[in-house]
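Engineer: Sharing a structure here in structure tokens format.
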Amino acid sequence: MAKQFSSRMLIIISIVSIIIITLGAALVFAVASNPGGGGGSQTGAKQELNVNMVPPEVFEYTSVFSMNEYKQKTRYGTAKEGSFELKSSQSRYKNTMTGVVTVRNLDYLENYGEIYEAWMVDMDTGFTLPIGLFTVDGDGDATVTFTNQDYAIPYDAIAITKESYPDEDPRPNGDVVLVGYFDASSLDKSTLSSARISKEEYSQYGNQAETVYG
């Protein structure tokens, strides 16, 4: 279940979002992209989104030097970055999201009191959906997969934070280390079935199909 974003973290993410609009999405995502693809891009397939993640400070760069510096780090494979693949399927009685979060060149956590956590964020309400705790290897790399019975459409950001561990607070309170933005509306619309599902599919959800299809 989505948890309320902390005020401090929501302010950080909101400021980043405003800066993106100010600088222009085309320029920002071109800088954030790696040589193999465009930052924040979506695939042509309507049921899947591919989003690039970069450190939030990238969006605060205002000088040509700073932008070129980050682009150079990306070219040589030393920049902190990541990717987020999201798939969503939706029918009248079932919603499923599956995804893969991949991060590269993050700081290795030598302190056992820290851990990374991935979140899907609803920018409108400040609610977050935790999708995985993880650590990185010696190269700073990790891959996290998740499955969740939820709608994808309310969420429009993916964030990686560095949290205290163990942490009894289910909300993100640590520093944002990577962030990416996306529009899931076309993804859900394309997979929403207006047709009636089969009796076999409906019966899997523990209901009596006859009461609906009788």
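Numbering follows my numbering, with no gaps: position 145 of the sequence shown is 129. Every residue gets a Cβ at the ideal spot worked out from N, C-alpha and C, and that includes glycine. Quick caveat, the model's predicted, so the values are computed rather than measured.
#1: When we look at the beta-carbon of Tyr96 and count the other beta-carbons within 10 Å, is it buried (16 or more) or exposed?
#2: Specify, as a first and last residue, the run of the beta strand (DSSP E) that Arg88 falls within.
#3: Is the distance from the Cβ of Asn36 to the Cβ of Gly164 below 8 Å?
#4: Rounded C-beta distance between Pro156 and Glu147? I'm assuming under 8 Å.
#5: Report the rounded CA-to-CA distance for Ala29 versus Asp91, giving the unit in angstroms.
#6: Hey, how far is the Cα of Asp106 from the Cα of Pro114?
#7: If you draw a straight line from the alpha carbon of Leu162 to that of Ala141, how long is it in whole angstroms?
#8: What is the DSSP secondary structure of Pro40, counted as helix, strand or coil?
#9: Quick check on the DSSP output: the beta strand (DSSP E) that includes Tyr100 runs from which residue to which?
#10: In its own chain, which residues sit with a C-beta less than 8 Å from the C-beta of Asp159, not counting the 5 before and 5 after it?
#11: How many Å lie between Tyr60 and Val85 at the Cα?
#12: So if DSSP puts Asp159 in a beta bridge, which residue, or which two residues, is it bridged to?
#13: Take the Cβ of Gly122 as the centre, count every other Cβ of all protein chains shown within 10 Å, and call the residue buried at 16 or more, exposed below.
#14: What are the boundary residues of the beta strand (DSSP E) that Phe130 is part of?
Structural biologist: Taking the definition as stated:
#1: exposed
#2: Its beta strand (DSSP E) spans residues 79 to 88.
#3: yes
#4: So it is a contact: roughly 7 Å between Cβ atoms.
#5: Unreliable placement is indicated for Ala29, whose pLDDT of 37 sits below 50; no coordinate value is reported for it.
#6: 12 Å
#7: About 11 Å.
#8: helix
#9: 98 to 105
#10: Thr145, Lys146
#11: 21 Å
#12: Lys146
#13: exposed
#14: 126 to 132
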